[in-house]
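One structure below.
Numbering (this note's numbering), first residue to last: 82 to 535.
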């Protein structure tokens, strides 16, 4: 291997000249790249090289010689151990600037998109305790029950008593369940042996309704002292509407199983995004930050520029959130989704909101959209909100063939967004403007909505 300008375990002083989309600082020595966790752009730092590879290395931050004006002390006591938040050491203004820069850099580098309109990231007035859903792994270590989050790049659970980004009700639920598990000596699942009962705890709260769901994921069919568990949670958790056991007996890292057993209530809660009411079950996908989701969806609706005469296709419709927003101003909306339960939820949500100008179709969008086209149904606007892996290329091909005048792309991953935009722009679409929205304060993640037209 060619000799690198740095050596493992040696200390160096470097300037941090850029950052990665995982939030790491990037420095250079003789053009050779060094990644440094927790270092901020513009800082001069002393580091120790901990890993050396041919084209880059990793350094451990030892000392900040010249500090960024955006650096602050993290509020969370578990910040060094927990992998949940990557940006608590940056003030909120700095976080928003970082996210705008990352979106711009990734769209240029991967998508080849230069000189396009990228607006400043829309932030939150209160960027703490914003999440309406928490999933906590449970682990037994040295006789102690740990409930919290996985440490970075690890399967070791960091015990959490208070989370700064979850709704505060989560802290009370964890305290109550931790005491119950200890008092009744409930066994904890061990991923190495496949034995033990409690795997995860999931908590959902309706932001506008205040309704709370507690879901306990177990490696079994029941939990000891179920009646006492229900009474204990009812006595301690304000707004509690339902308690659910989710059965997951598979040897897997997938958190949720397919079977639910309702111990209390109806097995679901309700919440609103804008004026629309949504039914949320344990397995439902529902955006975790309802305040910013409303901003995101209103921006998508603005970009769609509907007049009441348009046909809209929502290609990854989930439980129908974007479809219902579009239905306000569209002539008709077709929502397409591969997850069967989500389609059932979407139909129920349309019924709850008395929306009649939508149809939800179960299937792969890359199959359904060509079928609609063959039936003479042509979209004026297509909306996509894919998972992190982005759009299937066959779907992009189908969209190009249908040739809608406008397309709205909602993304939770700038890298796959950039890849897909590169394809679409090569097929005659033009990126009109890009709006990042901070759905996930204190983390490196950012949501983006993009308007394309022919």
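The beta carbon of each residue, even a glycine, is placed where N, CA and C say it ideally should be.
Pick out whichever of the options has its Cα sitting closest to the Cα of residue i.
i, options, result
"residue 523", "153, 255 and 146", "153"
"residue 433", "360, 115 and 104", "360"
"residue 437", "227, 413 and 380", "413"
"residue 407", "134, 454, 443 and 355", "355"
"residue 121", "110, 130, 169 and 165", "169"
"residue 319", "287, 293, 204 and 382", "293"
"residue 219", "278, 516 and 274", "278"
"residue 175", "201, 393, 190 and 90", "201"
"residue 315", "411, 340 and 253", "253"
"residue 266", "234, 310 and 472", "310"
"residue 300", "269, 103 and 290", "269"
"residue 382", "427, 404 and 502", "404"
"residue 399", "422, 272, 449 and 182", "422"
"residue 391", "306, 136, 409 and 134", "409"
"residue 286", "352, 255, 297 and 204", "352"
"residue 255", "313, 167 and 190", "313"
"residue 100", "144, 178, 136 and 162", "178"
"residue 357", "181, 182, 375 and 158", "375"
"residue 118", "137, 141 and 134", "141"
"residue 304", "261, 447 and 474", "261"
"residue 366", "143, 151, 402 and 472", "402"
"residue 339", "298, 487 and 350", "298"
"residue 302", "457, 474 and 344", "344"
"residue 167", "198, 527 and 532", "527"
"residue 460", "479, 472 and 474", "479"
"residue 138", "159, 116, 151 and 144", "116"
"residue 446", "474, 457, 281 and 425", "474"
"residue 226", "295, 271, 534 and 133", "271"
"residue 229", "235, 217 and 223", "217"
"residue 243", "349, 235, 535 and 259", "259"
"residue 495", "135, 182 and 136", "182"
"residue 151", "425, 532, 171 and 533", "171"
Which residues in the same chain have their Cβ closer than 6 Å to the Cβ of residue i, if we skip the five residues on either side of it in sequence?
i, result
"residue 342", "326"
"residue 149", "121, 123 and 124"
"residue 86", "110, 111 and 113"
"residue 481", "508"
Taking residue i and residue j to be in contact with their CB atoms under 8 Å, please state how far apart those CB atoms are, rounded to whole angstroms.
i, j, result
"residue 128", "residue 92", "7 Å"
"residue 530", "residue 373", "At roughly 11 Å, the Cβ-Cβ gap does not stay under 8 Å, so residue 530 and residue 373 are not in contact."
"residue 164", "residue 232", "6 Å"
"residue 215", "residue 328", "With a Cβ gap of about 20 Å, residue 215 and residue 328 do not count as contacting."
"residue 396", "residue 476", "6 Å"
"residue 525", "residue 102", "7 Å"
"residue 462", "residue 515", "Rounded, the Cβ-Cβ distance is 17 Å, inconsistent with contact."
"residue 130", "residue 83", "Actually they do not touch by this definition, with Cβ atoms about 16 Å apart."
"residue 185", "residue 203", "The pair is not a contact, with the Cβ atoms about 15 Å apart (cut-off 8 Å)."
"residue 487", "residue 385", "6 Å"
On the DSSP bridge assignment, give the partners of residue i in chain order.
i, result
"residue 297", "282 and 326"
"residue 114", "109 and 137"
"residue 93", "128"
"residue 170", "Looking at the DSSP assignment, residue 170 forms no beta bridge with any residue, so it has no partner."
"residue 351", "360"
"residue 443", "418"
"residue 490", "465 and 531"
"residue 395", "416 and 464"
"residue 203", "518"
"residue 451", "Note: residue 451 sits in no beta bridge, so no partner."
"residue 145", "126"
"residue 342", "326"
"residue 184", "None, per the DSSP bridge assignment."
"residue 215", "284"
"residue 367", "Its beta-bridge partners do not exist; DSSP assigns none."
"residue 229", "240"
"residue 247", "212"
What does a CB cutoff of less than 7 Å around residue i pick up in its chain, not counting 5 residues either side in sequence?
i, result
"residue 346", "322, 323 and 324"
"residue 539", "This structure gives no information on residue 539, because the portion of the chain shown stretches from 82 to 535."
"residue 156", "169 and 245"
"residue 96", "108 and 125"
"residue 430", "359, 360, 400, 401 and 405"
"residue 162", "232 and 239"
"residue 159", "239 and 241"
"residue 180", "202, 517, 519 and 527"
"residue 485", "460, 461, 462 and 463"
Is the beta carbon of residue i within less than 8 Å of some heavy atom of the ligand COA?
i, result
"residue 243", "This structure simply doesn't include the ligand COA, nor any ligand for that matter."
Among residues of its own chain, excluding the 5 on either side of residue i, which ones have a beta-carbon nearer than 8 Å to its beta-carbon?
i, result
"residue 194", "188, 499, 502, 503, 506 and 512"
"residue 348", "323, 325, 341, 362 and 363"
- Would you check if the region 458-468 and the region 509-516 touch, i.e. whether three or more CB-CB distances between them fall below 8 Å? no
- Message: Check whether the region 482-493 and the region 322-340 touch, using three or more Cβ-Cβ pairs below 8 Å as the test.
- Response: no
- Task: Give a yes or no on contact between the region 414-424 and the region 441-449, applying the rule of three or more CB pairs nearer than 8 Å.
- Result: yes
- Task: Evaluate the contact criterion for the region 496-506 versus the region 442-461: three or more CB pairs, one atom per stretch, below 8 Å.
- Result: no
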